[in-house]
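Sequence positions in the sequence shown follow the numbering used here and run 46 to 210.
Just so you know, even glycine gets a beta-carbon here, dropped at the ideal spot from N, CA and C.
This report refers to the structure that appears directly beneath it.
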Amino acid sequence: MRLCGQMTTSHILLPKNFTDLPAGKIEFSPPELLLRNGRPSSVDKFVLIQAPQYHSDNTYIIEQVTRFPEIFKAVVYVDPGSPKIQEEMTNFSRLGINAFRIITSTNLKPQFYKDYGYDLMFSEAEKNNHIISVLAYPDGFIQLKNISEVYPNLPVVIENIGKNI
């Protein structure tokens, strides 16, 4: 497994940057608003990561990557138990999307990937050099070691190794 850490960079907008931004909460939909809010801080490229509550409904992310391929890259969620997972991953690849999200938790067994269909997902990703993006909790981190032993050439990005508060 090729392990990559994802570095999150915070860009602080100085008061002079806020002059033409709306007061209050900044929303990022439509994407033009995200782009407009990012430009004062020289942020011109974004990675959109599918939120867990939307499961495999990647519609919004696909629309944005299709509209702005030079600006947005994506990490989508596919159901690892889907009998068509290989076909789904291939279809995403055709759209320029080659990163897939999993979320590990403490209630999974060390060999969880054998029980929940992840084995097919991981072998497909390893074969096609797709990236597996992992939201891992500290006590679920051992699961990544088990995956790396079985899929040594699988590119993995760790999104976060913290706990939600």
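Point to revise | Where the beta strand (DSSP E) through E77 begins and ends | key: Locating residue 77 in the sequence shown gives position 32, where the first residue counts as 1. No beta strand (DSSP E) holds E77; the alpha helix (DSSP H) holding it covers 76-83.
Practice item. Compare the C-alpha of F26 against each of S178, E133, V195 and name the closest. Key: Since the displayed the chain opens at 46 and closes at 210, residue 26 lies outside it and no answer follows.
Exercise for review: Measure from the C-beta of P85 to each C-beta in chain D and report whether the shortest distance is under 7 Å.
Suggested key: Among the chains in the structure shown there is no chain D, since it carries only a single protein chain.
Review point. CA-CA distance, Y163 and N174?
Key: The residue labelled residue 163 in the question sits at position 118 within the sequence shown. The residue labelled residue 174 in the question sits at position 129 within the sequence shown. Straight-line Cα distance between these residues: approximately 16 Å.
Check your understanding: Given that a residue counts as buried once 16 or more other Cβ atoms are within 10 Å of its Cβ, and exposed if not, what is V121?
Key -> Translated into positions along the sequence shown, residue 121 becomes position 76. It is buried - the Cβ of V121 has at least 16 other Cβ atoms within 10 Å.
Exercise for review: Note down the Cα distance separating I148 from E132, rounded to an integer number of angstroms.
Suggested key: Within the sequence shown, the letter at position 103 stands for residue 148. Within the sequence shown, the letter at position 87 stands for residue 132. Cα-Cα distance, rounded: 21 Å.
**Study point:** Three-way DSSP call (helix, strand, coil) for V179 in this model
**Key:** For this step, residue 179 is matched to residue 134 along the sequence shown. Three-state result, V179: strand.
**Study point:** Which of helix, strand or coil DSSP assigns to N174
**Key:** Translated into positions along the sequence shown, residue 174 becomes position 129. N174 falls in the coil class under three-state DSSP.
Check your understanding: Residues bridged to K118 by DSSP?
Key -> As a position in the sequence shown, residue 118 is number 73, starting the count at 1. Answer is V92, bridged to K118.
Exercise for review: From the DSSP output, in three-state form, read off F113 for me.
Suggested key: Translated into the one-based positions of the sequence shown, residue 113 becomes position 68. Coil at F113, not helix or strand.
Point to revise | Residue from N136, R81, I142 whose Cα sits closest to the Cα of E114 | key: Within the sequence shown, the letter at position 69 stands for residue 114. Residue identity differs from the one stated: residue 114 is Pro in this sequence, not Glu. Measuring from the Cα of P114, the nearest candidate turns out to be I142.
Review point. Relative to the C-alpha of S168, which residue among M134, V88, I94 is closest?
Key: Locating residue 168 in the sequence shown gives position 123, where the first residue counts as 1. Closest by alpha carbon: M134.
Practice item. Starting from the C-beta of N198, find all residues in its chain whose C-beta is less than 6 Å away, skip the five residues before and the five after it, and write them out in chain order. Key: The count along the sequence shown starts at 1 and reaches residue 198 at position 153. Excluding residues within five positions, the ones whose Cβ falls inside 6 Å are E171.
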